[in-house]
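Trainee: Structure in structure tokens, see below.
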Amino acid sequence: MKELICIVCPKGCRLTVDEENGYKVSGNSCKRGEEYGKMELINPVRVITSTVAVENSVHRRCPVKTNGAIPKKLIFDAMKTLDGIKVKAPIKRGQKIAENVCSTGVDFIAVRDIF
Ligand code: SF4
Numbered sequence: 003m004k005e006l007i008c009i010v011c012p013k014g015c016r017l018t019v020d021e022e023n024g025y026k027v028s029g030n031s032c033k034r035g036e037e038y039g040k041m042e043l044i045n046p047v048r049v050i051t052s053t054v055a056v057e058n059s060v061h062r063r064c065p066v067k068t069n070g071a072i073p074k075k076l077i078f079d080a081m082k083t084l085d086g087i088k089v090k091a092p093i094k095r096g097q098k099i100a101e102n103v104c105s106t107g108v109d110f111i112a113v114r115d116i117f
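Going by the working numbering, the sequence shown opens with residue 3, and the numbers climb by one from there.
Next comes the structure, spelled out in structure tokens:
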């Protein structure tokens, strides 16, 4: 049995996942918590947020995030892909900053417009 807090929504339900019984989840208030509990033990994934350097703007950094969840074990490698990236303003929200991060098919995208 593994106990964890569901991070899918602010309610933060306390989940119990039984690995020996088909990853049966209890303590969840909704279906999303059941899916999260199972996946957290089978293949935990996260959306990654960070920033990249900006050129040609008063803003020195642009916030970015992945446009999908990637395996937790790839977080540090994914962050390294942003090292040395400098993006020229103007930057549009949703603009791809780094494609196919760690061959996951997920991209880093800009979170806001930068002028
Ligand atoms: S189980 Fe459902 S209600 Fe509870 S924290 Fe997760 S998403 Fe929110």
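Just so it is clear, CB atoms sit at the ideal spot from N, CA and C, and this is done for glycine as well.
Since the structure is predicted, the reported quantities are computational estimates derived from the model, not experimental observations.
Is the CB-CB distance between Thr-68 and Val-49 below 8 angstroms?
Mentor: Contact flag set, yes.
Trainee: Just the Cα atoms here: how many angstroms apart are Leu-43 and Gly-29?
Mentor: Distance between the alpha carbons of Leu-43 and Gly-29 is about 16 angstroms.
Trainee: Taking 7 angstroms as the cut-off, is the CB of Ala-31 close to at least one heavy atom of the ligand SF4?
Mentor: The sequence given here has Ser at residue 31, not Ala. It does: the Cβ of Ser-31 is within 7 angstroms (strictly closer) of some heavy atom of the ligand SF4.
Trainee: Between the Cα of Val-103 and the Cα atoms of Cys-11, Ile-72, Ile-93, which residue gives the shortest distance?
Mentor: Val-103 has its Cα closest to that of Ile-72, out of Cys-11, Ile-72, Ile-93.
Trainee: With DSSP as the reference, identify every bridge partner of Thr-51, one or two as the case may be.
Mentor: DSSP output for Thr-51 lists Lys-67 as bridge partner(s).
Trainee: Spatial neighbours of Glu-135 within its chain, please: C-beta separation below 6 angstroms, excluding the five flanking residues on both sides.
Mentor: Past the edges of the chain, shown from 3 to 117, lies residue 135, and the structure says nothing about it.
Trainee: Cβ of Arg-34 versus every heavy atom of the ligand SF4: is any distance shorter than 7 angstroms?
Mentor: Result yes, Cβ under 7 angstroms from the ligand SF4.
Trainee: Compare the C-alpha of Pro-12 against each of Ile-99, Thr-51, Cys-32 and name the closest.
Mentor: Out of Ile-99, Thr-51, Cys-32, Cys-32 has the C-alpha closest to the C-alpha of Pro-12.
Trainee: Taking all protein chains shown into account, do 16 or more other C-beta atoms lie within 10 angstroms of the C-beta of Gly-14, making it buried, or fewer, making it exposed?
Mentor: Label assigned to Gly-14: exposed.
Trainee: Using the Cα positions of Glu-57 and Ala-91, report the straight-line distance between them to the nearest angstrom.
Mentor: For Glu-57 and Ala-91, the distance between alpha carbons rounds to 6 angstroms.
Trainee: So Ile-93 and Ile-111 are in contact, right, with Cβ under 8 angstroms, and what is the actual spacing, rounded?
Mentor: That pair is no contact at about 10 angstroms.
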